[in-house]
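Residue numbers for the sequence shown follow my numbering, beginning at 2 and rising by one.
This report refers to the structure that appears directly beneath it.
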Amino acid sequence: MRIELLSLLACPDCRFGRLEETLLSGRSAWSGGSPLVLERGARTHDGDVIEGALRCPACGASYPIDDGLAVLLPSSCRASPPPEPGKSGTAGYESEAVLGAYMWSSFGDFAAPARNEDQEPPCGAAPGAAYARWGEMLGPGPSPALDAGCGVGRSTLELAARRGLCVGVELSERFARAARRLLADGSFECSLTEQGRLTRPLKVVLPERLRHVRAEFVVADAMALPFRSGAFACAASLNLLDRLPRPLDHVRELDRVLAARGVELLLADPFSWSEDIAPEERWLGGTALGPFAGRSEDVVPGLLGGEGGHLAAPLAVRGREAVPWTLRTHRNHYENIMSQTFLAER
2 MRIELLSLLA CPDCRFGRLE ETLLSGRSAW SGGSPLVLER GARTHDGDVI EGALRCPACG
62 ASYPIDDGLA VLLPSSCRAS PPPEPGKSGT AGYESEAVLG AYMWSSFGDF AAPARNEDQE
122 PPCGAAPGAA YARWGEMLGP GPSPALDAGC GVGRSTLELA ARRGLCVGVE LSERFARAAR
182 RLLADGSFEC SLTEQGRLTR PLKVVLPERL RHVRAEFVVA DAMALPFRSG AFACAASLNL
242 LDRLPRPLDH VRELDRVLAA RGVELLLADP FSWSEDIAPE ERWLGGTALG PFAGRSEDVV
302 PGLLGGEGGH LAAPLAVRGR EAVPWTLRTH RNHYENIMSQ TFLAER
């Protein structure tokens, strides 16, 4: 874990602060939340913490750093039993098959040696194209940036290349470790399912523009982000909202960790709501019931804009776009997905 992250971190259980006016600058700013401190005896190298632990002075909780990866989960996650098959959680995301599918979807355009299938799949958008587009939509700007639900890290690297320091948050430890390894080595190898139990190797080699960026990956819960309030100048949440049991909590957390003014948020999702993940009353659209009745394409911009008073400070949507992307299950099965994307600012 990069040592420079210490200035951003807060205990996920003691993270709440308050919005106050900073008198000297005349600007609003978030404050509060219990910072995490690095315990004595940590092993460091060249600006990274390799092994050690972070401790919360307020509640005494300890968070491990193992082989450079910090695991910053709230007590609710640490105490929870493994999810049942088909339910929300990371169980399915820890398999080699799923890792390969997401590595292809995110970085297939950097496969080496290149294959026609990896550059131009038989159907759907080319791998990596959506992430490049999302990076373009945010473009250059201030940092630090947050990438919530970063998967295997393509969007984190795209943001870091344009913004500077970017922190990718991922609940799957296997995904987070793969992303860190890819950045550290400049390449990564995994297996890609061909059919049934048959696989082929997939090797990803990063282009020069993504090789030496200021990026870090941590294991954390997007509904209880382990960061100080107001820590970020920019945030992205891509294809995560409909995968969460409490999606509104995630939007509130994005609001909390973004600074009070001068920030941008990129939120994209296909809105594939399912009661296997969240009960209908928690969906942000896609339902005729409750305060979020209607299409998510209409509900989410209203939520960001302050409707219902769920956010401390509203965000104005200034751009929207439907961005296609493709997930490869095996050589004869591709999922074509359209993510409704909103660019908001305050």
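By construction, the Cβ of each residue, glycine as well, lies at the ideal position given by its N, Cα and C atoms.
- When DSSP reads this structure, Ile338 sits in a beta bridge with Trp326.
- Rounded to the nearest whole angstrom, the C-alpha separation of Ala269 and Thr342 is 4 angstroms.
- Residue range Arg44 to His46 is occupied by the beta strand (DSSP E) that includes Arg44.
- Residue pairing from DSSP places Glu190 in a beta bridge opposite Lys204.
- Residue environment for Ile66: buried (at least 16 other C-beta atoms within 10 angstroms of its C-beta).
- When the beta-carbon positions are compared, Leu328 and Ser106 come within less than 7 angstroms of each other.
- The DSSP-derived three-state label of Pro302 is helix.
- With a beta-carbon spacing of about 5 angstroms, Glu40 and Arg56 fall inside the 8 angstroms limit used to define contacts.
- Considering only Gly187, Ser173 and Val318, the residue with the shortest C-alpha distance to Glu209 is Gly187.
- Short of 8 angstroms from the beta carbon of Met2, and not among the five residues preceding or following it, lie these beta carbons of its own chain, in chain order: Asp49, Val50, Ile66, Gly69, Leu70, Ala71, Glu217 and Val219.
- The three-state reading of DSSP puts Glu346 in strand, counting E and B together.
- Contact between Leu74 and Pro13 holds: their C-beta atoms lie close to 7 angstroms from each other, under 8 angstroms.
- Assigned with DSSP and collapsed to three states, Cys78 falls in helix.
- The shortest C-alpha to C-alpha distance from Ala323 to any of Ala314, Cys191, Arg155 and Tyr132 is the one to Tyr132.
- Between Cys191 and Met104, the C-beta spacing is below 7 angstroms.
- A distance of 7 angstroms or more separates the beta carbons of Ala237 and Leu259.
- C-alpha of Thr330 to C-alpha of Leu10: approximately 36 angstroms in a straight line.
- Runs of alpha helix (DSSP H) with 4 or more residues, each lying fully within the region 228 to 277, are found at 248 to 258, listed in chain order.
- According to the DSSP secondary-structure assignment, His331 is paired through a beta bridge with His334.
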